[in-house]
Amino acid sequence: LGEGFVPDFTSVFIKIIVIRCLLKCFERPLNTVLFATGKVKTPNIFSSSSYIIEIVIAVILFAIGFPPYWCFVVDLFAILGIVIFQMYLTSRMGLFSTFDFLKIVLMPIMLISLISTILTIGVDIIPMPDLVNFIIVCISSVLFSGVCIAFIGLNKNNRMMVVSKVKRFFVR
Numbered sequence: 064l065g066e067g068f069v070p071d072f073t074s075v076f077i078k079i080i081v082i083r084c085l086l087k088c089f090e091r092p093l094n095t096v097l098f099a100t101g102k103v104k105t106p107n108i109f110s111s112s113s114y115i116i117e118i119v120i121a122v123i124l125f126a127i128g129f130p131p132y133w134c135f136v137v138d139l140f141a142i143l144g145i146v147i148f149q150m151y152l153t154s155r156m157g158l159f160s161t162f163d164f165l166k167i168v169l170m171p172i173m174l175i176s177l178i179s180t181i182l183t184i185g186v187d188i189i190p191m192p193d194l195v196n197f198i199i200v201c202i203s204s205v206l207f208s209g210v211c212i213a214f215i216g217l218n219k220n221n222r223m224m225v226v227s228k229v230k231r232f233f234v235r
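Numbered per our numbering, the sequence shown spans residues 64 to 235.
Next up, the structure:
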């Protein structure tokens with residue numbers, strides 16, 4: 064590995080991993096809701112089966128010559144399938160409606176992700192040396208995400224609580 068060398072598919076891997084993390088954010092609360100009911104057999108069978116099928120599909124894709132990042136693409140579809148199935152189960156159990164989940168959880172997260180990504184890309188296109196660009200993009204990404212979360216993702220009470228805790232932290 065020489066200086067300035069970036070391995071093949073690095074950019075693709077990073078983008079897919081970020082999307083994967085976003086999908087996993089939806090899966091965890093749904094897992095918590097389903098496991099709190101004590102009815103874990105169906106969700107566990109479905110998710111385990113999805114992951115086994117994912118391995119089989121990845122092996123087949125590699126065998127016919129697909130690039131390595133396809134294992135992550137297959138993983139994205141498995142996680143998406145699990146999230147959709149869990150939303151269906153929670154709705155069927157009467158725990159909450161799928162529409163409410165989409166409106167209250169999914170839409171704000173997607174809006175925050177979209178706005179902060181667009182703003183960060185705007186900073187990224189400014190020509191700068193690589194290291195400086197990296198540092199500025201990281202800092203701006205955190206700042207843009209924080210502002211979007213504060214104004215889109217939090218209601219007034221949550222915002223006031225966060226401001227109060229931040230003030231207490233800095234007043235010490």
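Idealized CB from N, CA, C, for every residue including glycine.
Below 6 angstroms CB to CB, which residues in the same chain sit around residue i once its five sequence neighbours on both sides are set aside?
i	result
Asn196	none
Ile172	none
Val137	Glu117, Ile120 and Ala121
Leu158	Val96
Along the alpha helix (DSSP H) that carries residue i, what are the first and last residues, could you check?
i	result
Arg222	Lys219 to Val234
Phe207	Asp193 to Cys211
Lys104	Lys104 to Ala126
Met173	Met170 to Asp187
Ser160	First-last for Ser160: undefined, no H or E at that position.
Pro92	Thr73 to Ala99
Excluding the five sequence neighbours on either side, which residues of its own chain have a C-beta within less than 7 angstroms of the C-beta of residue i, listed in chain order?
i	result
Leu174	Ile215
Ser160	Ser154
Cys211	Ile175, Ile178 and Ser179
Ile186	This sequence places Val at residue 186; Ile is not what is there. So the list reads Ile199, Val200 and Ser203, once near-sequence residues are dropped.
Leu139	Ile79, Ile82, Arg83 and Leu86
Tyr114	Ala141
Leu64	Any reading at Leu64 must be qualified, since the residue scores a pLDDT of 48, below 50, and its modelled position is unreliable; the value itself is stated next. Excluding residues within five positions, none has a Cβ falling inside 7 angstroms.
If you check the beta carbons only, do residue i and residue j fall under 8 angstroms apart?
i	j	result
Leu169	Phe89	yes
Phe72	Pro130	yes
Ile145	Ser110	yes
Leu152	Pro106	yes
Phe162	Met150	no
Val229	Leu217	no
Would the beta-carbon of residue i be found less than 7 angstroms away from any heavy atom of the ligand NAP?
i	result
Leu139	Absence of the ligand NAP from the depicted structure is noted, as is the absence of any ligand whatsoever, leaving it without description.
Looking only at its chain, what residues have a beta carbon closer than 8 angstroms to the beta carbon of residue i, apart from the 5 residues adjacent to it on each side?
i	result
Ala213	Arg222 and Val225
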